[in-house]
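A.B. asks: For the sequence shown, the working numbering assigns the number -15 to the initial residue and increments by one for each residue that follows. Don't be surprised by glycine CBs; every beta carbon is placed ideally from N, CA and C. Note that the structure is a prediction, hence the values are computed from the model and not measured.
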Amino acid sequence: MTDNPMPDRFLIVGDDGQPSAVVDMKRLQDDALQFMFELAASAGDDPKTDEIWERWLTSRSVDEFNYLIAAVLPMMLSNVLAPALDVAKETTGHDFRAKLGELATEAGGPR
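Put into structure tokens, the structure is as follows:
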């Protein structure tokens, strides 16, 4: 048995069962980490965020970009948003997580 249960590469197949892409997991994770930090650093500067988004979007196929975003989102939550919310609560005493939960409830969830 191996220490790493995840393969290094994934073969993506289309609805017809034919291979359509290969995903290199190390590259995907490395790119997602870089993209996450660039986006986080640009927070509040919408033109800069748009420029970063456009650069990454145009450097990948649509399918690759979708996998990249799927990797970025949980990284952003764990590595940026969670620590920021912890610091905000410690320094202000306000529980912004609770407020975000209320807003999520008001938004109605998946449709």
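So, with DSSP's three-state summary, where would you put residue 31?
C.D. replies: Within the sequence shown, residue 31 is the residue found at index 47, counting from 1. Correct three-state label for residue 31: helix.
A.B. asks: Ignore the nearest five residues each way along the sequence and tell me which others in residue 60's own chain have a CB closer than 6 angstroms to its CB.
C.D. replies: To locate residue 60, count along the sequence shown from 1; it is residue 76. These residues qualify, in order along the chain: 20.
A.B. asks: Classify residue 52: buried if its beta carbon has 16 or more other beta carbons within 10 angstroms, exposed otherwise.
C.D. replies: One-based indexing of the sequence shown puts residue 52 at position 68. It is buried - the Cβ of residue 52 has at least 16 other Cβ atoms within 10 Å.
A.B. asks: Opposite residue 7 in the DSSP bridges: which residues?
C.D. replies: Within the sequence shown, the letter at position 23 stands for residue 7. BP columns for residue 7 point to -6.
A.B. asks: At the level of alpha carbons, what is the spacing between residue 28 and residue 1?
C.D. replies: Here the question's residue 28 lines up with position 44 in the sequence shown. Here the question's residue 1 lines up with position 17 in the sequence shown. In a straight line, the C-alpha of residue 28 is about 43 angstroms away from that of residue 1.
A.B. asks: Which two residues bound the contiguous alpha helix (DSSP H) that contains residue 81?
C.D. replies: Looking up residue 81 in the sequence shown gives position 97. That run of the alpha helix (DSSP H) goes 80 to 91.
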